[in-house]
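Remarks on the structure that follows.
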Amino acid sequence: MTLFSRLLYTIIAFALLGAAIILIGVAVWRTAHGFWTGDGGLDTMLDAIGLIIIAVAVSDVGKFLFEEEVVADREMRHPAEARGSLTKFMSIIIVALALEALVLIAKTTRETLSEIVYPGLVMLLAIFALVGLGLFQKLSQHATASVPPDHEERDERSKQRAMTPLSAEKAG
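If you read the sequence shown in full-length UniProt numbering, its first letter stands for residue 1, the second for the next number, and so on.
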């Protein structure tokens, strides 16, 4: 990966982290303001929980980008690597969706029960995403098993086997 790409991903990751910190600050400010003024303390707290959930998801995405693109500094050449990265990313999204749906359900049941459809659909979306991720894992498992390792990896493994004490004893 080029220096420019690494620098760009670093900037993006820190921008996402900065946005997450700002969201957490806004959540704390709104909650404190709601309690000080007496304007629906519980409602502002539920809103703050929603903002914090989004902030955690945004910071996780930034961390994911930084780890995968800057720290690891490798391209994904194997299906197992791609599957692992996609699983991490989708897990972040699914957890954020499910938690946000729970907050929306708690908030909606306090106000008007007739508007429960939207939070229910968000929860259903999280469930479908989780089922889809499980299906992806199951189907891609066969692709991972059928792809032969690179020649370099085979050479490294054969060198490692040659250096083990058992192979030296067998040869002698």
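Every residue, glycine too, gets a C-beta built ideally from N, C-alpha and C.
C-beta neighbour in chain C for residue 86, strict 8 Å: Of the chains in the structure shown, none is chain C; there is only one protein chain.
Residue environment, residue 96, which counts as buried when at least 16 other CB atoms sit within 10 Å: buried
Segment contact flag, the stretch 99 to 110 with the stretch 130 to 143, C-beta cutoff 8 Å, min 3 pairs: no
Counted within 10 angstroms of its Cβ, other Cβ atoms place residue 28 as buried (16 or more) or exposed: exposed
Burial state of residue 53, where buried means 16 or more other Cβ atoms lie within 10 Å: buried
Beta-carbon contacts of residue 48 that lie in its chain and below 8 Å, excluding the five residues immediately before and after: 27, 28, 30 and 31
Length at least 4, wholly inside the stretch 51 to 135: the alpha helix (DSSP H) runs in chain order: 79 to 111
Collapsed DSSP secondary structure at residue 38 in the structure displayed: coil
Separation of residue 45 from residue 117, as counted between CA atoms: 22 Å
Residue 152 classed as buried or exposed, judged by whether at least 16 other C-beta atoms fall within 10 angstroms: Model confidence at residue 152 stands at a pLDDT of 46, short of 50, so the residue's coordinates are unreliable; what they give is reported in the following sentence. Classification for residue 152: exposed.
Chain-order list of residues whose beta-carbon lies under 8 Å from that of residue 34 (same chain, five-residue window excluded): 40, 41, 43, 44 and 45
Cα-Cα separation between residue 8 and residue 23, rounded to whole angstroms: 22 Å
Residue 62 to residue 94 span [Cα, whole Å]: 16 Å
Candidates 58, 4, 10 and 11: closest to residue 90 by CA position: 58
Sub-8 Å separation of residue 112 and residue 119 beta-carbons: no
Where residue 2 sits in the DSSP three-state scheme: coil
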